[in-house]
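>
Residue numbers (the working numbering), protein chains in the order written: chain A, 6 to 414; chain B, 75 to 238.
1. Do the stretch 137-150 of chain B and the stretch 264-284 of chain A meet, that is, are 3 or more Cβ pairs less than 8 angstroms apart?
2. For residue 157(A), which residues in the same chain have their Cβ closer than 8 angstroms to its Cβ, ignoring the five residues on either side in sequence?
3. Determine whether the Cβ of residue 340(A) lies closer than 9 angstroms to any Cβ atom of chain B.
4. Residue range of the beta strand (DSSP E) that residue 161(A) falls in?
5. In chain order, which beta strand (DSSP E) runs of at least 3 residues are fully inside the stretch 70-114 of chain A?
6. Apply the 10 Å Cβ neighbour rule to residue 214(B) and answer buried if 16 or more other Cβ atoms are within range, or exposed otherwise.
7. Are residue 172(A) and residue 119(A) close, meaning C-beta to C-beta below 9 angstroms?
8. Taking residue 54(A) as part of the beta strand (DSSP E), name the residues at either end of that continuous run.
9. Contact defined as beta carbons within less than 8 angstroms: I believe residue 62(A) pairs with residue 190(A). What is the distance between those atoms, to the nearest angstrom?
10. Near residue 179(A), what residues of its chain come up, given a Cβ to Cβ distance below 6 angstroms and the 5 sequence neighbours on each side ignored?
11. Are the stretch 268-281 of chain A and the stretch 238-245 of chain A touching by the rule of at least three beta carbon pairs closer than 8 angstroms?
12. Pick helix, strand or coil for residue 303(A), following the three-state DSSP scheme.
13. Spatial neighbours of residue 223(A) within its chain, please: CB distance less than 6 angstroms, with the 5 preceding and 5 following residues excluded, ordered by chain position.
14. Please state whether DSSP places residue 103(B) in a helix, a strand or coil.
15. Check the Cβ of residue 125(B) against every Cβ in chain A and list those closer than 7 angstroms, keeping chain order.
16. Can you grab the Cα-Cα spacing for the pair residue 324(A) / residue 386(A), in whole Å?
17. Among 174(A), 60(A), 84(A), 394(A), whose alpha-carbon lies nearest the alpha-carbon of residue 154(A)?
18. On a CA-only basis, which of 107(B), 126(B), 212(B) is nearest residue 183(B)? Give me that one, please.
19. What are the start and end residues of the alpha helix (DSSP H) that includes residue 239(A)?
20. Using a Cβ cut-off of 7 angstroms, pull out every chain A residue sitting near residue 141(B), in sequence order please.
21. Using alpha carbons as the reference points, say which of 314(A), 377(A), 384(A), 88(A) lies closest to residue 217(A).
22. Along the chain, where does the alpha helix (DSSP H) that runs through residue 371(A) open and close?
23. Could you check if residue 175(A) is buried or exposed, using at least 16 other CB atoms within 10 Å of its CB as the buried criterion?
24. Using the beta-carbon of each residue, which ones in chain A are nearer than 7 angstroms to residue 129(B)?
25. Beta carbon of residue 374(A), beta carbon of residue 397(A): below 9 angstroms?
26. From which residue to which residue does the alpha helix (DSSP H) around residue 137(B) run?
27. For residue 391(A), count the other beta carbons within 10 Å of its own beta carbon; 16 or more makes it buried, fewer makes it exposed. Which is it?
28. Quick check on the burial criterion: 16 or more other C-beta atoms within 10 angstroms. Buried or exposed for residue 207(A)?
29. Here's the rule I'm using: 16 or more other beta-carbon atoms within 10 Å means buried, otherwise exposed. How should residue 318(A) be labelled?
30. Helix, strand or coil for residue 249(A), going by three-state DSSP, please let me know.
31. Following the continuous alpha helix (DSSP H) through residue 341(A), name the residue where it begins and the one where it ends.
32. What's the C-alpha gap between residue 33(A) and residue 27(A)?
33. Could you tell me the distance, in whole angstroms, from the CA atom of residue 137(A) to the CA atom of residue 104(B)?
34. Taking all protein chains shown into account, do 16 or more other C-beta atoms lie within 10 angstroms of the C-beta of residue 182(A), making it buried, or fewer, making it exposed?
What follows is the structure in structure tokens.
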């Protein structure tokens, strides 16, 4: 991110859609790129696929059946039951892959958090081969719903974060998304809380609530472990720094013997997403108090096996590295530039004050070498220059031309 | 403190023999590693990774260099009481050197074996000292040279070719 002419500019190839800029912006000038819910909903019956997070956001609409009933009053169809099947299918598929994969190709990394996928593409290209080739259950859920019901309605994803909002318009691991629009979870939660209908509990509680565990950190890993025939060694981390650190350790080959790594860019997992309305701590409490039903019934097991045979769960497209261009295509020239960059950096104050509109002095040195800045962008360097200039002016002012008689003589 | 060490290792390659005109364009960076400072292990390898990415070194090569640097850093921290680590980029290869004034390695061949370690229980409790360091370095190097004199110190030179 750079500030140029008073405006924020994002370097696309480096942005992972983590949402930190939205979280940190003191004036809330940065917003999520979500679709216009009022417009989507004005058409009539609206079909929504919700992120698991949605069901732990409100105390009076807690759980899938109450949410379904509440949304039903507004002519919104929630496809939660089929979403549950998709999450089962994702966990089941990863468990099967972990059984077949040789130890040297483990651990695999979860595909669920799109920001993590982007982070691997931009910063850990050597780990791309370790991404579990299993599509996001959010995508698969909508695909299953379309197949099972034969309906062609446009589907809106209720997403907890900018990364999943982007997933719809710019998907990872597939050409196009099955989902048509994306709106933040918070948008609907606020509407329901402000003027939501009173729910009476008309529907029986849905038996599959396993997939809601994916809202918190560790839920996916647990789900996979439940479907595995052998005991699994999994690591679940959340938050940007933890994710970077665990991927670094993996890249250095230090995580041998581990089967699966679940990373979430947001702290505490998806409940920590910037697009939610509810406190992540209360969401976590609700998740903890939920009686999770890990047991599949015979019908569910049968259905799962059938869908697994279809490959609908598989990642459709290989993920590609997306790194920044090197300083030059020619190695010699690039090395010269790197040397020059290190020299420039060594002369900068190295306190990362941000006044030049860049996140760090390192970024500034790189920008200068790439021709996108000057040393005088640094307020400390320009002050040094002014001091030098001031000295020169004083020196010059003392040099009186000999035509005039000098007063001090 | 480590000034006396520089120059102990003579470069493994004579540039002329390899058909490269000169090594004058080399980029190198030096890092000082403190003994026992587990918290900053990885600093040098991370800096190397970002520098190599910047000049367009293929990511597979960069990864091997990072692993070598990380394990070498770890050895300096665990066994040697600190030292210096340096990387140099040449037109055809990357060299990683690590030098220390530590206790030295008595039997280099034995130390290279997977699982062999002289690390203390305290260090093993921290999850390090599994005896994989040197064998990891060897696995990721195209050439490796270790000079060690007991009670004086160890120098290590690992070479990763850009095209192997």
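All residues carry an ideal CB built from backbone N, CA and C; glycine is no exception.
In short, the structure shows the following:
1. no
2. Within the first chain, the letter at position 152 stands for residue 157(A). So the list reads 151, once near-sequence residues are dropped.
3. The sequence position of residue 340(A) within the first chain is 335, counting from 1. It does; some Cβ of chain B falls within 9 angstroms.
4. Position 156 of the first chain, counted from the start, is the residue given in the question as residue 161(A). Element bounds for residue 161(A): 160-164.
5. 81-83
6. Taking the second chain and counting its residues from 1, one reaches residue 214(B) at position 140. Buried, by the Cβ-count rule.
7. As a first step, residue 172(A) must be located in the first chain, where it is residue number 167. As a first step, residue 119(A) must be located in the first chain, where it is residue number 114. Yes.
8. Taking the first chain and counting its residues from 1, one reaches residue 54(A) at position 49. Note, residue 54(A): beta strand (DSSP E), 51-55.
9. Numbered from 1 along the first chain, position 57 holds the residue referred to as residue 62(A). Numbered from 1 along the first chain, position 185 holds the residue referred to as residue 190(A). Indeed they touch by this definition, with Cβ atoms about 6 angstroms apart.
10. Indexing the first chain from 1 puts residue 179(A) at position 174. Taken in chain order, the residues that qualify are 321, 322.
11. yes
12. Residue numbering aside, residue 303(A) sits at position 298 when the first chain is read from its first letter. In the structure shown, residue 303(A) sits in a helix (DSSP, three-state: H, G or I).
13. Translated into the one-based positions of the first chain, residue 223(A) becomes position 218. Cβ within range, chain order: 241.
14. Position 29 of the second chain, counting from 1, holds the residue named residue 103(B). It is a strand residue.
15. In the second chain, residue 125(B) corresponds to position 51, counting from 1. Result: 343.
16. Numbered from its first residue, the first chain carries residue 324(A) at position 319. Numbered from its first residue, the first chain carries residue 386(A) at position 381. Roughly 42 angstroms separates the two Cα atoms.
17. Taking the first residue of the first chain as position 1, residue 154(A) is located at position 149. It is 84(A).
18. Within the second chain, the letter at position 109 stands for residue 183(B). Of the listed residues, the one whose Cα sits closest to residue 183(B) is 212(B).
19. Residue mapping note: residue 239(A) aligns to position 234 of the first chain, counting from 1. Taken as a continuous stretch (DSSP letters only), residue 239(A) belongs to no alpha helix (DSSP H), being part of the beta strand (DSSP E) at 239-243.
20. On the second chain, position 67 is the one that residue 141(B) refers to. Result: 257, 258.
21. Looking up residue 217(A) in the first chain gives position 212. Checking every option, the nearest Cα to that of residue 217(A) belongs to 88(A).
22. To locate residue 371(A), count along the first chain from 1; it is residue 366. It spans 366-374 - the alpha helix (DSSP H) in which residue 371(A) sits, taken as one unbroken run.
23. Locating residue 175(A) in the first chain gives position 170, where the first residue counts as 1. Under this definition residue 175(A) is an exposed residue.
24. For this step, residue 129(B) is matched to residue 55 along the second chain. Those within 7 angstroms of residue 129(B) in chain A are 331, 332, 336, 339, 340, 343.
25. On the first chain, position 369 is the one that residue 374(A) refers to. On the first chain, position 392 is the one that residue 397(A) refers to. Cβ distance not < 9 angstroms, so residue 374(A) and residue 397(A) don't count as in contact.
26. Position 63 of the second chain holds residue 137(B). Looking at the DSSP string, the run of the alpha helix (DSSP H) that includes residue 137(B) is 133-149.
27. Reading the first chain from its first residue, position 386 is the one you call residue 391(A). Counting Cβ neighbours within 10 Å, residue 391(A) comes out exposed, since fewer than 16 surround it.
28. Here residue 207(A) refers to the residue found at position 202 when the first chain is read from its first residue. Per the 10 Å Cβ criterion, exposed.
29. Position 313 of the first chain, counted from the first residue, corresponds to residue 318(A). Flag for residue 318(A) reads buried.
30. As a first step, residue 249(A) must be located in the first chain, where it is residue number 244. Helix.
31. For the purposes of this step, residue 341(A) is taken as the residue at position 336 of the first chain. Unbroken alpha helix (DSSP H) run through residue 341(A): 336-352.
32. As a working mapping, residue 33(A) is identified with position 28 in the first chain. As a working mapping, residue 27(A) is identified with position 22 in the first chain. Distance between the alpha carbons of residue 33(A) and residue 27(A) is about 7 angstroms.
33. Residue 137(A) sits at position 132 when you count from the first residue of the first chain. Residue 104(B) sits at position 30 when you count from the first residue of the second chain. If I take the Cα positions, the gap works out to 38 angstroms.
34. Position 177 of the first chain, counted from the first residue, corresponds to residue 182(A). Buried, since its Cβ has 16 or more Cβ neighbours within 10 Å.
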